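Below: one structure, written as structure tokens.
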Amino acid sequence: ETQLDENLRTVETALPGSLGDDELALVDEAAAAYRSKMKAGCTGCQYCMPCPVGVNIPECLQMLDSYELFGHKASHQFGYMIVAGGMLDGQRALASQCTECGRCVEKCPQHLPIPGLMKDVRRTFEGFLARMTLRFSKAYLWLLRRRTVR
Numbered sequence: 009e010t011q012l013d014e015n016l017r018t019v020e021t022a023l024p025g026s027l028g029d030d031e032l033a034l035v036d037e038a039a040a041a042y043r044s045k046m047k048a049g050c051t052g053c054q055y056c057m058p059c060p061v062g063v064n065i066p067e068c069l070q071m072l073d074s075y076e077l078f079g080h081k082a083s084h085q086f087g088y089m090i091v092a093g094g095m096l097d098g099q100r101a102l103a104s105q106c107t108e109c110g111r112c113v114e115k116c117p118q119h120l121p122i123p124g125l126m127k128d129v130r131r132t133f134e135g136f137l138a139r140m141t142l143r144f145s146k147a148y149l150w151l152l153r154r155r156t157v158r
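In our numbering, the protein residues as written are 9 to 158.
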């Protein structure tokens with residue numbers, strides 16, 4: 009709560025142009041360090057959507073960037089399989105579904121090489137163990153639903 013109050017005081021008293029050259033340089037340095045860890049740099053604008061084969065491009069790229077930034081492959085792989093594997097809504101949206109049609113590239117305002125990035129997502133998150141986990145998890149959820157309905 010104390011930190012929140014301090015942040016609010018800072019925002020209330022900050023004026024445009026109030027940062028000095030040293031502070032602006034530090035902000036630029038932090039932004040560059042952040043960007044250097046990102047593999048895709050997708051802003052999530054969704055101009056690339058809908059994908060004709062159902063790939064959730066922004067979600068795939070967000071997972072890839074999050075993994076590159078924070079590590080913890082197993083948790084990101086599990087999250088990817090839950091979301092892109094269709095465990096939440098029943099719609100598979102995996103990077104491996106990409107046919108490299110290029111429609112997304114034409115629409116992307118960041119000019120990202122999306123088909124190549126989908127290959128990176130697939131290599132990072134869709135290994136044998138991940139596919140087996142997805143199958144097991146779907147079967148387990150099916151059994152739970154069936155048991156609950158009875």
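Heads up, the beta-carbon is just placed ideally off N, CA and C, and yes, glycines get one too.
On a predicted model such as this, the values are computed, not experimentally measured, just so you know.
Please return the same chain residues whose Cβ sits closer than 8 Å to the Cβ of residue i, not counting the five positions on each side in sequence.
{"i": "proline 121", "result": "Val113"}
{"i": "glycine 62", "result": "Gln99, Arg100, Ala101, Gln105"}
{"i": "methionine 95", "result": "Met89, Leu142, Ser145, Lys146, Leu149"}
The alpha helix (DSSP H) that contains residue i, what's its start and end?
{"i": "tyrosine 88", "result": "81 to 91"}
{"i": "leucine 102", "result": "Neither: leucine 102 is in no alpha helix (DSSP H) and is coded neither H nor E."}
{"i": "glutamate 67", "result": "65 to 78"}
{"i": "lysine 11", "result": "Sequence check: residue 11 is glutamine here, not lysine. Residues 10 to 21."}
{"i": "glycine 124", "result": "122 to 133"}
Within this structure, are the beta carbons of residue i and residue j separated by less than 8 Å?
{"i": "tyrosine 55", "j": "lysine 146", "result": "no"}
{"i": "leucine 77", "j": "leucine 125", "result": "no"}
{"i": "methionine 89", "j": "threonine 132", "result": "no"}
Helix, strand or coil for residue i? Go by DSSP, reduced to three states.
{"i": "tyrosine 42", "result": "helix"}
What residues in its chain sit with their C-beta under 7 Å from that of residue i, if we drop five residues either side in the sequence?
{"i": "proline 60", "result": "Cys109, Arg111"}
{"i": "cysteine 107", "result": "At residue 107 the sequence reads threonine, which differs from the cysteine that was named. Cβ within range, chain order: Val61."}
Leaving out five residues on either side along the sequence, give the residues of the same chain with a beta carbon under 6 Å from the beta carbon of residue i.
{"i": "glycine 93", "result": "Leu142"}
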